[in-house]
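Worksheet: one structure, shown below.
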Amino acid sequence: MVKQSKTAVSAVTDGVVLCQDGKYRWIYEVDMLRSPIIFHDVVWVLAVSAGVAWLITTFIILLTGSLTLMGFLESIAMFIGIFLLLTFLSVFAYWIVAVTNGRKYTVLFEMDEQRISHIQIKRNVKPATVLTWMGILTGALAGRPGAVGASILSATHTSLTSSFATTRSVTAVPRQHLIKVNGLLSRNRIFVDEAHFQFVYDYIASRCPKAKIR
Numbered sequence: 019m020v021k022q023s024k025t026a027v028s029a030v031t032d033g034v035v036l037c038q039d040g041k042y043r044w045i046y047e048v049d050m051l052r053s054p055i056i057f058h059d060v061v062w063v064l065a066v067s068a069g070v071a072w073l074i075t076t077f078i079i080l081l082t083g084s085l086t087l088m089g090f091l092e093s094i095a096m097f098i099g100i101f102l103l104l105t106f107l108s109v110f111a112y113w114i115v116a117v118t119n120g121r122k123y124t125v126l127f128e129m130d131e132q133r134i135s136h137i138q139i140k141r142n143v144k145p146a147t148v149l150t151w152m153g154i155l156t157g158a159l160a161g162r163p164g165a166v167g168a169s170i171l172s173a174t175h176t177s178l179t180s181s182f183a184t185t186r187s188v189t190a191v192p193r194q195h196l197i198k199v200n201g202l203l204s205r206n207r208i209f210v211d212e213a214h215f216q217f218v219y220d221y222i223a224s225r226c227p228k229a230k231i232r
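Position in the sequence shown counted from 1, then plus 18, gives you our numbering.
Here it is, written out as structure tokens:
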């Protein structure tokens, strides 16, 4: 069971903390060169984008009445070639981004009764700083929670929020400290340390009425 932290130090050591606003928060750093998850999702996005472009192009040609079997096969070959080229380029780009960020992809997670958010922390913000803000939000330290929340918001970059009500599947991958929370068009990746993995997984799974739990 995850307990509310009593000090800013315990907010660091406990991993998952319950803040004054009723949200659980924690930070996780992913080694971009050792973990394949992020790159797998990049390739998936490329495949879907290329596939949609191919379907639209093929459909347009079909409407014109000029689609032949040979033309269809050539379009498939072209699609595969473009996808492989994009994948090769993405490997190089991914490596540059990983090295530039010190190999670390740092994420702040926020979870409450309705949703969970995956929020990327900006490169120039130290995780220890965000952890201190989280310690303030537990109510253990003096401060203004509203101002602290604004500080956390300013320290973050992009985010993806999954509503439990619309989640289609929840899949646990304990060896990678990963919980996959997928909607119809979204693929959220939740990382959590081993000590709190079961708690977070059970919390999410029990609040997704329409999801397949794996």
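Ideal Cβ placement from N, Cα and C applies to all residues, glycine included.
Would you mind reading off the limits of the alpha helix (DSSP H) that contains residue i?
i	result
residue 82	55-82
residue 216	212-223
Express the C-alpha separation of residue j and residue i in angstroms, rounding to a whole number.
i	j	result
residue 133	residue 124	20 angstroms
residue 106	residue 56	15 angstroms
residue 100	residue 190	33 angstroms
residue 47	residue 83	53 angstroms
residue 131	residue 193	26 angstroms
residue 71	residue 230	30 angstroms
residue 51	residue 81	45 angstroms
residue 68	residue 35	41 angstroms
residue 217	residue 103	41 angstroms
residue 180	residue 78	34 angstroms
residue 43	residue 64	31 angstroms
residue 74	residue 87	17 angstroms
residue 203	residue 214	27 angstroms
residue 200	residue 118	29 angstroms
residue 226	residue 188	8 angstroms
residue 228	residue 178	19 angstroms
residue 96	residue 54	27 angstroms
residue 49	residue 122	5 angstroms
residue 127	residue 94	40 angstroms
What are the start and end residues of the beta strand (DSSP E) that includes residue i?
i	result
residue 127	122-129
residue 135	133-139
residue 206	205-209
residue 196	196-200
residue 190	187-191
residue 43	42-49
Please state whether DSSP places residue i in a helix, a strand or coil.
i	result
residue 93	helix
residue 107	helix
residue 118	helix
residue 178	strand
residue 168	Annotation note: pLDDT 47 at residue 168 (below 50); position unreliable, coordinate value reported separately. The answer is helix: DSSP assigns residue 168 an H, G or I state.
residue 12	Past the edges of the chain, shown from 19 to 232, lies residue 12, and the structure says nothing about it.
residue 36	strand
Should residue i go down as buried or exposed, given a rule of 16 or more other Cβ atoms within 10 Å for buried?
i	result
residue 58	exposed
residue 224	exposed
residue 92	exposed
residue 139	buried
residue 210	buried
residue 129	buried
residue 182	buried
residue 90	exposed
residue 207	buried
residue 185	buried
residue 137	buried
residue 120	exposed
Can you find a CB in chain C that lies within less than 8 angstroms of the CB of residue i?
i	result
residue 193	Chain labels in this structure do not include chain C; a single protein chain is all it has.
Item to check | Segment contact, 8 angstroms Cβ cut-off, at least three pairs: the region 194-202 with the region 108-128 | outcome: Contact between the region 194-202 and the region 108-128 is not established, with fewer than three Cβ pairs separated by less than 8 angstroms.
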